[in-house]
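The structure appears below as structure tokens.
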Amino acid sequence: MLGRQSRGRLVVFGGLGLVLLAAVVSTVAVVAGGGGSGRPPVPPTRARAYTEQDACLLTGSSGVAKGGEAARVWDGMREASRDTRARAAYTPVTGAQTAANATPFLNGLFQRSCDVVVASGRAEVAAVREAAGGRPKTRFVLVGGTVNEEGAGGNTTVVAAGAGLGGRVASAVREALQEH
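Residues in the sequence shown are numbered from 326 upward in steps of one, following our numbering.
The following block contains the structure:
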């Protein structure tokens with residue numbers, strides 16, 4: 326039979342043993358369970374890793390509004406971006422829809438170091454035709470018009486408007502990015 330003092334020690338040491346066991350189990354659970362936050366682990370990022378190439382669309386004041394020609398052009402550019410991992414962006418020309426007014430917006434694309442500039446819209450195409458000769462390292466894709474028009478040089482590709490426009494733009498942008 327244990328004495329009162331022995332029973333007290335047994336209770337104290339037994340209690341300390343249980344506390345120590347609980348601490349070890351809790352620590353193992355926290356380490357194995359990812360911090361014990363109760364939240365599932367964070368999945369790997371799904372962000373797209375882009376190359377150091379930029380394809381930029383210069384379009385009229387309506388931008389890439391659904392149903393317009395520029396929307397189909399933008400779809401083609403996004404397709405090319407997915408295939409090549411080049412960044413794609415667009416800039417609408419606000420104000421008067423003239424080549425003179427489109428030129429500062431085009432210059433903004435040059436300042437952003439766009440490797441490929443796609444132009445959709447009469448004023449935008451005219452502004453690009455005027456500037457293309459002075460930018461031999463930049464590739465240009467013009468929607469509409471003909472190759473023989475003044476200003477269409479070796480760094481310029483003309484894509485016909487109409488059915489299948491998005492696919493033709495995607496092909497032209499992919500090719501221009503490969504050549505760059």
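For every residue, glycine included, the Cβ atom is placed at its ideal position computed from N, Cα and C.
Given the structure is predicted, the values throughout are model-derived calculations rather than measurements.
#1: How is A495 classed by DSSP in three states: helix, strand or coil?
#2: Answer yes if the stretch 378-394 comes into contact with the stretch 437-448, meaning at least three C-beta pairs across the two stretches below 8 Å, and no otherwise.
#3: Run the CB neighbour count on G401, radius 10 Å, all protein chains shown included, and call it buried at 16 or more, exposed below.
#4: Is T384 a contact residue of the ligand ZN, with contact defined as CB to any heavy atom under 7 Å?
#5: Since A390 contacts A495 with CB under 8 Å, what's their CB separation in whole angstroms?
#6: By alpha-carbon positions, which one of G393, R460, T409 ends up nearest to Y375?
#7: For G388, which residues in the same chain have their Cβ closer than 8 Å to its Cβ, ignoring the five residues on either side in sequence?
#8: Is the CB-CB distance between A424 and E455 below 8 Å?
#9: In the structure shown, what three-state DSSP assignment does P429 receive?
#10: Would A501 and R493 be called neighbours here (beta carbons separated by less than 8 Å)?
#11: Determine, using beta carbons only, whether A552 and R403 come nearer to each other than 8 Å.
#12: Of all Cβ atoms in chain C, is any one closer than 8 Å to the Cβ of R437?
#13: Among the residues of its own chain, which have a CB less than 7 Å from the CB of F430, if the five just before and after it don't count?
#14: For P461 and A411, what's the separation of their Cα atoms in angstroms?
#15: Between which two residues does the beta strand (DSSP E) harbouring V466 extend?
#16: Mind checking who D379 pairs with in its DSSP beta bridge?
#17: Take T428 and list the residues in its own chain whose beta-carbon comes closer than 6 Å to its own, dropping the five residues that flank it on each side.
#18: Within the same chain, show all residues whose beta-carbon is closer than 7 Å to that of T481, passing over the 5 residues directly before and after it, in chain order.
According to the structure data:
#1: It is helical.
#2: Yes, they touch.
#3: By the 16-neighbour rule on beta-carbons within 10 angstroms, G401 is buried.
#4: Because no ligand of any kind appears in the structure shown, any question about the ligand ZN cannot be addressed here.
#5: Rounded to the nearest angstrom, the Cβ distance from A390 to A495 is 20 Å, too far for a contact under 8 Å.
#6: The shortest CA-to-CA distance from Y375 to any of G393, R460, T409 is the one to T409.
#7: Contacts found: A395, Y415, P417.
#8: Yes; because the gap between Cβ atoms is below 8 Å, this pair is in contact.
#9: Looking at P429 - three-state DSSP - the assignment turns out to be helix.
#10: Not closer than 8 Å, so no.
#11: Residue 552 cannot be examined here, being either before or after the span of the chain that is shown, 326 to 505.
#12: In the structure shown, chain C does not exist; there is a single protein chain.
#13: Residues L383, T416, V418 of the same chain have their beta carbon placed closer than 7 Å to that of F430, with the five preceding and five following residues left out of the count.
#14: Approximately 20 Å between the Cα atoms of the pair.
#15: It spans 464-468 - the beta strand (DSSP E) in which V466 sits, taken as one unbroken run.
#16: Answer is R412.
#17: Around T428, the same chain offers A452 as residues with beta carbons nearer than 6 Å, after the five sequence neighbours per side are excluded.
#18: Excluding positions up to five away in sequence, the list reads A457, F465, L467.
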